[in-house]
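J.: First, the structure itself, so that you have it in front of you.
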Amino acid sequence: MDRWIHPAVFFFIGSLLLPLIKNEKAKKFILLLIPVLGIIDVALMQEGIYGSFSFLNIKLIFGRVDKLSLVFAWVFVIMAFLGALYALHVKEDGHHIAGNFYIGSSLGAIFGGDYITVFIFWEIMAFSSVFLVWFRKEQRSIEAGYRYLLVHVFGGLLFLAGMMLYYYKTGSMAFERILPANAGIAEYLILAGFSLNAAVLPLHAWLPDAYPEATVEGAVFMCAFTTKTAVYVLARGFPGFEVLAILGTAMTVYGVFYAVIENDMRRVLAYHIISQVGYMVAGVGIGTELSVNGACAHAFAHILYKALLFMGAGAVLYMTGTAKLTRLGGLYKYMPLTMIFYIVGAISISGFPLFSGFVSKSMIVAAAHEEGRLILMLLMNLAGIGTFLSVGLKVTYFAFFSKDEAPIKTTEPPKNMLWSMGLTSALCFIIGIYPDSLYVLLPYHVEYRPYTLSHLSEMLQILSFTGLIFFLLVKKLSPEEKLNLDMDYFYRKGGRAFMFVDDMAIAPVDTWWGNIYNTVALKLLFLKAKFAYAFDRIVIDGIVDGTALSVRMAGFLVRKLQTGRVQAYIGFAVFILVVVIWFALRMG
Amino acid sequence: MNVLKYIEALRNNLSALKKVLIVYLIVLVIYDIVIHIGAHGHFFVDNIPGFWTLFGGIGCFILIKVAKGIAHAFLSKDEDFYG
């Protein structure tokens, strides 16, 4: 196929058709058709550069199709289908539109060949995904959504600032591999912007803050796209950056540490996204062909099993109304299929032989081993212990067993949820027993065999003896109804401090200024208006008609700027941003 | 439901299951010792038979103790901490 259709087109246009369709069945058909068209499109794609335009002397590339972008595109469209199937029962069109825009913009960022294209889709991702949190319609979700949005706007600004400096330095917006030796402030700002979306420490707190507050179906989408798009851009631009190898490994351990003490099922899983993305970031940071391959393979496998885990936890939340382990237990009698699918996800993430994590995670650990990075390798294996301990054993035990009689009695979730979980489980298993199906998609050609005697022995020992210790210490692991502090403490409490300063110092000044404004400026304005009105009526009388109108408009504009509504401020900030970019580009 | 029957069967035979698992753990360690005969790895840890047994067991123990310890010391707050 020498013609190229951007797969995002299906998701953008398809989702906008939804509100026009009244028939329930037709709507469901469209919802499933969109990702199917996406899959066909990606399957027919040939490598090459497509959709490039010149805009203000900058070359925009919408379709850079190569092995690296294709492996991510594949898993994104597959996940889009599984997610759509899982969310089929959702009635609100807005939810589906937000989800499809989110997927479409992720695909846009993957195929973008220059920083501007990536940046535009990057921002659409943040602004569409936040609705998947807000649609939960609870006070906690609304607040978490605002924090999520503000943090991502901050990350986007880091990216934007880096991008501008990069343009001044090189005169190019092309998004290519950056060598660590050439990296200056511009490159590190871009790296920081990317890292925020990959939840790299210490810019990670938005993830376990927002994902557990998202809707049941929204969380399944969110766990797949934001962090993995970030892994893609890191793998594209920053392989071999030592800082990523170290921070990535730190993430693997940090995530499981919190997962061991958390109570909410979905928060445990959210911390495991940090942990698992840590492997990928470390793989990018180690920077060999094997390790970058490992990062891509792990992203692919991770999207599937993490979505499966979120589907399982979501099904429990959907049916029982809570995801807190302290309130659950004994569910194996009521949701045995959900439990089995959850366990498939759990042993995949833990890296059990025959399941997908075993063939992907081990590539990164093997790369660390090959490069002589003993400490990185040991810490990654330690994180592997924590993964099985918290996702595999703790959650399974306390949600589905632990009590003989379930405190909340329920049934299996709707059929579409079960089908989606079943299909995803099958994919985890197929990748595990036939790893070449995944390896053939990877960007570099590297010979790697996961099923060796020593690797099997290593993983089985680690996992089995973790299991033994778990059953000996299970009482010590009882979940507690507590909130665990994380880095969001600084901006959540920092926000309070800001409000305090605002109340004590800024507000009085504001009031004082407001008084002056009211007494002096407004009076002058009214005076001018009266005068203009009188002048208008008496002197010109209809010849110059717009004066009174323009004064009223000015007053209206001033009022608008003072509403204090967040969307107005964000809109205004975006507007200023566009103006700044435009000027910057014209100057260059 | 069939699935449920199997799960109940396992739960009713916990002591037998325990014995099987203990035998499995022993076999696993013996297997690791066997594959180490005559093998030379990259790091010193690759040359110790049963290293990952100790690593798994001790690592898990330390992880539980440290995580719960730090949580109880200062990380855990009431659920309405942020209001």
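If you're matching them up, the sequences are chains G and F in order.
All residue numbers for the first sequence refer to the numbering used here, where the first residue is 15 and numbers rise by one.
All residue numbers for the second sequence refer to the numbering used here, where the first residue is 5 and numbers rise by one.
Backbone N, C-alpha and C define an ideal beta-carbon position, used for all residues, glycine too.
Quick one: does G42/F have its CB under 8 Å from some CB of chain G?
T.: Here the question's residue 42/F lines up with position 38 in the second sequence. With a threshold of 8 Å between beta carbons, G42/F makes no contact with chain G.
J.: Got a sec: is the Cβ-Cβ distance from N37/G to anything in chain F below 8 Å?
T.: Residue numbering aside, residue 37/G sits at position 23 when the first sequence is read from its first letter. For N37/G, the answer is no, since every Cβ of chain F falls outside 8 Å of its Cβ.
J.: In terms of alpha-carbon separation, which member of V165/G, S83/G, S29/G lies closest to S209/G?
T.: Residue mapping note: residue 209/G aligns to position 195 of the first sequence, counting from 1. With distances taken between Cα atoms, S209/G lies closest to V165/G.
J.: Can you tell me whether S66/G is helix, strand or coil according to DSSP?
T.: Within the first sequence, the letter at position 52 stands for residue 66/G. It is a strand residue.
J.: Would you call M518/G buried or exposed, if buried means 16 or more other Cβ atoms sit within 10 Å of its Cβ?
T.: Here residue 518/G refers to the residue found at position 504 when the first sequence is read from its first residue. It counts as exposed.
J.: Compare the C-alpha of P216/G against each of G509/G, D502/G, L318/G, A311/G and name the closest.
T.: Looking up residue 216/G in the first sequence gives position 202. For the residues G509/G, D502/G, L318/G, A311/G, the minimum Cα distance to P216/G belongs to D502/G.
J.: Please list the residues of the stretch 55 to 83 of chain F that have a C-beta atom closer than 7 Å to any C-beta atom in chain G, keeping them in chain order.
T.: W56, T57, F59, G60, G61, G63, C64, F65, L67, I68, A71, K72, A75, L79, S80, K81, D82, E83
J.: Just the chain G side, please: which residues come within less than 7 Å of V7/F by C-beta, in chain order?
T.: Taking the second sequence and counting its residues from 1, the one referred to as residue 7/F is at position 3. Contact note: V7/F reaches chain G through P350, L351, I354, using a C-beta cutoff of 7 Å and chain order.
J.: Along chain F, which residues have their Cβ under 7 Å away from the Cβ of G400/G?
T.: Mapped onto the first sequence, residue 400/G falls at position 386. Under the 7 Å cutoff, chain F gives L67.
J.: Terminal residues of the continuous alpha helix (DSSP H) containing G344/G?
T.: One-based indexing of the first sequence puts residue 344/G at position 330. Element bounds for G344/G: n/a, residue is neither H nor E.
J.: Which residue comes first and which comes last in the beta strand (DSSP E) that contains R78/G?
T.: Mapped onto the first sequence, residue 78/G falls at position 64. Where R78/G is concerned, the enclosing beta strand (DSSP E) stretches over 72 to 79.
J.: Which residue marks the beginning of the alpha helix (DSSP H) containing H218/G, and which one marks its end?
T.: Taking the first sequence and counting its residues from 1, one reaches residue 218/G at position 204. Looking at the DSSP string, H218/G is not in any alpha helix (DSSP H), and its letter there is neither H nor E.
J.: Using a beta-carbon distance below 8 Å, is S155/G in contact with chain F?
T.: The residue labelled residue 155/G in the question sits at position 141 within the first sequence. With 8 Å as the cut-off, S155/G does not count as an interface residue toward chain F.
J.: Report all residues from its chain with a CB closer than 6 Å to the CB of F369/G; omit the five preceding and five following residues, and keep chain order.
T.: As a working mapping, residue 369/G is identified with position 355 in the first sequence. Correct list, in chain order: I361, S362, C442, G446.
J.: For S468/G, decide whether its Cβ has a neighbour in chain F, counting only Cβ atoms nearer than 8 Å.
T.: Position 454 of the first sequence, counted from the first residue, corresponds to residue 468/G. Yes, S468/G lies at the interface with chain F (some Cβ there is under 8 Å from its Cβ).
J.: Does the stretch 238 to 245 of chain G come close enough to the stretch 306 to 326 of chain G to have 3 or more Cβ pairs within less than 8 Å?
T.: yes
J.: Nearest by alpha-carbon distance to I156/G: which of Y162/G, L163/G, W148/G is it?
T.: Position 142 of the first sequence, counted from the first residue, corresponds to residue 156/G. Comparing alpha-carbon positions, the option among Y162/G, L163/G, W148/G lying closest to I156/G turns out to be W148/G.
J.: When you compare only the Cα positions, how much space is there between S468/G and L58/F?
T.: Working through the first sequence from its first residue, we reach residue 468/G at position 454. Working through the second sequence from its first residue, we reach residue 58/F at position 54. Roughly 16 Å separates the two Cα atoms.
J.: Helix, strand or coil, according to DSSP, for D82/F in the structure here?
T.: Position 78 of the second sequence, counted from the first residue, corresponds to residue 82/F. D82/F falls in the coil class under three-state DSSP.
J.: Is the beta carbon of L21/F less than 8 Å from the beta carbon of V274/G?
T.: As a working note, residue 21/F is residue 17 in the second sequence. As a working note, residue 274/G is residue 260 in the first sequence. Annotated as distal: L21/F and V274/G, with beta-carbon spacing of 8 Å or more.
J.: Counting along the chain, where does the alpha helix (DSSP H) carrying S416/G start and finish?
T.: If you number the first sequence from 1, residue 416/G lands on position 402. Per DSSP, S416/G belongs to no alpha helix (DSSP H) and is neither H nor E.
J.: What residues in the stretch 506 to 524 of chain G have a beta carbon less than 7 Å from any beta carbon of chain F?
T.: Residues R506.
J.: Do the stretch 273 to 292 of chain G and the stretch 64 to 81 of chain F make contact, defined as three or more Cβ pairs closer than 8 Å?
T.: yes
J.: Does any residue of chain F have a CB that is nearer than 8 Å to the CB of Y346/G?
T.: Locating residue 346/G in the first sequence gives position 332, where the first residue counts as 1. Between Y346/G and chain F, the shortest Cβ-Cβ separation is below 8 Å.
J.: Let's see if you can read the secondary structure: which residues bound the alpha helix (DSSP H) around A71/F?
T.: Looking up residue 71/F in the second sequence gives position 67. For A71/F, the enclosing alpha helix (DSSP H) begins and ends at 55 to 74.
J.: Could you give the residue range of the alpha helix (DSSP H) that holds G292/G?
T.: Position 278 of the first sequence, counted from the first residue, corresponds to residue 292/G. Unbroken alpha helix (DSSP H) run through G292/G: 279 to 300.
J.: Does H20/G have its Cβ less than 8 Å from a Cβ in chain F?
T.: As a position in the first sequence, residue 20/G is number 6, starting the count at 1. So no, H20/G is outside the interface.
J.: Quick one: which chain F residues come within Cβ less than 7 Å of E472/G?
T.: For the purposes of this step, residue 472/G is identified with residue 458 of the first sequence, where counting begins at 1. Those within 7 Å of E472/G in chain F are W56.
J.: Smallest Cα separation from V282/G: which of K36/G, K408/G, E256/G?
T.: Numbered from 1 along the first sequence, position 268 holds the residue referred to as residue 282/G. Ranking K36/G, K408/G, E256/G by Cα distance to V282/G puts K408/G first.
J.: Which parts of the stretch 345 to 427 of chain G are runs of the alpha helix (DSSP H), unbroken and 4 residues or longer, counting only runs that do not cross its ends?
T.: Counting only runs of 4 or more, we get 350 to 364, 370 to 384, 388 to 401, 410 to 414.
J.: Examine chain G for any beta-carbon lying closer than 8 Å to the beta-carbon of L29/F, and answer yes or no.
T.: As a first step, residue 29/F is located in the second sequence; it is residue number 25 there, counting from the start. It does: the Cβ of L29/F has a partner Cβ on chain G nearer than 8 Å.
J.: For I11/F and chain G, any beta-carbon pair shorter than 8 Å?
T.: For the purposes of this step, residue 11/F is taken as residue 7 along the second sequence, with counting starting at 1. Yes, contact with chain G.
J.: What residue range is occupied by the uninterrupted alpha helix (DSSP H) comprising P253/G?
T.: Against the first sequence, residue 253/G aligns to sequence position 239. Run containing P253/G: none; DSSP gives neither H nor E here.
J.: What's the call for E419/G, buried or exposed, on a 16-neighbour Cβ count within 10 Å?
T.: Sequence index remark: in the first sequence, residue 419/G carries index 405 (1-based). It counts as exposed.
J.: May I ask you to verify whether the stretch 37 to 57 of chain G touches the stretch 127 to 139 of chain G, counting CB pairs closer than 8 Å and requiring at least 3?
T.: no
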